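Below is one structure; the comments refer to it alone.
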Amino acid sequence: MKLTKTAIAVALLSGASLIAGAASAQQADYPNKPVRLIVPFVPGGTADIIGRVFAAQLGTELGATVVVENKAGAGGSIGTRFVADAAPDGYILLLASSSTHGTNPAVYKNLTYDAAQDFTAITQLVTVPGVLSVTKDFPAADLNGLIAAAKANPDKYTYASSGAGGLGNLAMELMKSMTGAKLMHIAYRGAGPAFTDVISGQVSMIWEPVPASLPYIKGGQIRPIAIAADTRSPELPDTPTFKEAGLPRYEANAWNGLLAPKGLPADVTQKLHDASVKALNNPEVKAKLASLGGTVVAGTSEAFKNVIASDVKKWKNVAADAKIQLDQ
């Protein structure tokens, strides 16, 4: 049978319309199967717990099961790359962090994903403030005294971090660049051994998120100097913010947020955003996240996109000034 060009064109257009219609129907029906939330870190950590608290309520708001899957390794890069490569249909999401989309892009020269270009921003979930703590017998009572001591005795005092190029490392290098303090960095493989050596007095101080630091502070094993937040922590009401302590422009927060692969349809993005905001504002969820040191953000997708861009730029500048560059 001979087909005219017009008939072929009509057939092609009809086929395209059917495909587009099917895609639109799938989006309108979203979600019609379980959603996978990829946590790019090991089970049991703060990020994992935050992800599980959020996922349970997100599933309720979406009317679908949200399954948490841990894909750890390479500082969060393995799970993050997995999501970047996934189909942009809303069924594979990422619990992003200030590591995966802040410090990692700043320090790894061969990172396997583009933090700004490979993802669709949905919303920032929480911020988790960091706290600078010192040994019990450190010879300064406040931040100004610490800075003065570090300037007067270059490299006499040391700071521990849970890993080279991590947030604790860059947060301290930011403070050094802003104040002229001379402190020597000692990197550990994880926060546990870093805290152990600060508690024993082998290292002078440590910057870590409040949830990780709190047990040692409450136990009187280390002493908090300043907290990196806009307001004081309810868990540490007597600890001043860096602004109150004399460093008003200092900002260094850990955070978690929700991302999807690049190209997520706008209506699915909006549905996920709205459900996420409802989940985060659930009183029980808010209370659980607060107990982990998290302050709910639940902002717009655009605001979260800007947070990522700002963090990457800031930490790249800090890493360049401190000459921190790592191979993954």
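Quick note, the sequence shown lines up with residues -22 to -1, 1 to 306 if you use mature numbering (1 follows the signal peptide of the UniProt record, and there is no 0).
The C-beta atom is built at its ideal place from N, Cα and C for all residues, glycine as well.
Since this is a predicted model, take the numbers as computed values, not measurements.
Between which residues of its own chain and residue i is the CB-CB distance below 6 Å, once the five residues before and five after are set aside?
| i | result |
| --- | --- |
| residue 30 | 46 |
| residue 1 | With a pLDDT of 47 at residue 1, under the threshold of 50, the modelled position of this residue cannot be trusted; read the value that follows with caution. Cβ neighbours of residue 1 beyond the five flanking positions: none. |
| residue 160 | 128, 132 and 133 |
| residue 106 | 187, 232, 271 and 272 |
| residue 110 | 185, 203 and 204 |
| residue 283 | 99 |
| residue 317 | The structure shown does not extend to residue 317, since the chain spans only -22 to 306, so no value can be given for it. |
| residue 217 | 202 and 205 |
| residue 168 | 140 |
| residue 157 | 125 |
Using the three-state DSSP reduction, which class does residue i fall into: helix, strand or coil?
| i | result |
| --- | --- |
| residue 169 | helix |
| residue 215 | coil |
| residue 302 | coil |
| residue 127 | helix |
| residue 159 | coil |
| residue 227 | coil |
| residue 210 | coil |
| residue 152 | helix |
| residue 288 | helix |
| residue 89 | coil |
| residue 235 | strand |
| residue 281 | helix |
| residue 202 | strand |
| residue 269 | helix |
| residue 1 | Note that residue 1 scores a pLDDT of 47, beneath 50, so its modelled location is shaky; the value from the coordinates is reported in the next line. Residue 1 falls in the helix class under three-state DSSP. |
| residue -6 | Note on residue -6: pLDDT 49, under 50, position unreliable in the model; the coordinate value appears next. Of the three classes helix, strand and coil, the one that applies to residue -6 here is helix, per DSSP. |
If you drop the 5 nearest sequence neighbours on each side, which residues of the same chain put their C-beta closer than 8 Å to that of residue i?
| i | result |
| --- | --- |
| residue 166 | 138, 139, 140, 141, 172 and 175 |
| residue 259 | 274 and 276 |
| residue 253 | 36, 39 and 40 |
| residue 257 | 32, 35, 36, 38, 39 and 263 |
| residue 89 | 55, 82, 83 and 306 |
| residue 148 | 81, 84, 85, 230, 293, 296, 297, 300 and 302 |
| residue 69 | 9, 11, 12, 13 and 14 |
Please report the residue range of the beta strand (DSSP E) in which residue i lies.
| i | result |
| --- | --- |
| residue 59 | Note, residue 59: premise wrong, no beta strand (DSSP E); alpha helix (DSSP H) at 55 to 62. |
| residue 193 | That residue, residue 193, is in no beta strand (DSSP E); its alpha helix (DSSP H) goes 188 to 196. |
| residue 111 | 97 to 113 |
| residue 15 | 13 to 17 |
| residue 138 | 136 to 139 |
| residue 74 | 70 to 75 |
Excluding sequence positions up to five away, which residues of its chain have a Cβ less than 7 Å from the Cβ of residue i?
| i | result |
| --- | --- |
| residue 93 | 79, 83, 286 and 290 |
| residue 6 | none |
| residue 60 | 16 and 49 |
| residue 117 | 127 |
| residue 27 | 270 |
Tell me whether residue i is buried or exposed, calling it buried when 16 or more other Cβ atoms sit within 10 Å of its Cβ.
| i | result |
| --- | --- |
| residue 10 | exposed |
| residue 154 | buried |
| residue 227 | exposed |
| residue 151 | buried |
| residue 209 | exposed |
| residue 3 | Because the pLDDT at residue 3 is just 48, under 50, the model does not fix this residue reliably, and the value given afterwards should be weighed accordingly. Classification of residue 3: exposed, given that the 10 Å Cβ count is below 16. |
| residue 193 | exposed |
| residue 249 | buried |
| residue 115 | exposed |
| residue 20 | exposed |
| residue 162 | exposed |
| residue 281 | exposed |
| residue 261 | exposed |
| residue 189 | buried |
| residue 288 | exposed |
| residue 178 | exposed |
| residue 198 | exposed |
| residue 108 | buried |
Give the range of the alpha helix (DSSP H) segment to which residue i is assigned.
| i | result |
| --- | --- |
| residue 48 | Looking at the DSSP string, residue 48 is not in any alpha helix (DSSP H); the run it does join, the beta strand (DSSP E), is 44 to 48. |
| residue 276 | First-last for residue 276: undefined, no H or E at that position. |
| residue 119 | Note, residue 119: premise wrong, no alpha helix (DSSP H); not H, not E. |
| residue 40 | 24 to 40 |
| residue 257 | 244 to 258 |
If you measure from the CB of residue i, is any heavy atom of the ligand SAH nearer than 7 Å?
| i | result |
| --- | --- |
| residue 25 | In the structure shown, the ligand SAH is absent, as is every other ligand, since no ligand is present at all. |
When you compare the segment 221 to 237 with the segment 68 to 77, are there three or more beta-carbon pairs, one atom per stretch, that lie closer than 8 Å? Note that the segment 221 to 237 touches the segment 68 to 77; at least 3 beta-carbon pairs, one per stretch, sit closer than 8 Å.
Three or more C-beta pairs below 8 Å linking the segment 96 to 106 and the segment 125 to 136: Because the criterion of three Cβ pairs below 8 Å is not met, the segment 96 to 106 and the segment 125 to 136 do not touch.
Could you say if the segment 117 to 126 and the segment 48 to 68 meet the contact criterion of at least three C-beta pairs nearer than 8 Å? Judged by Cβ distances under 8 Å, the segment 117 to 126 makes no contact with the segment 48 to 68, as fewer than three pairs qualify.
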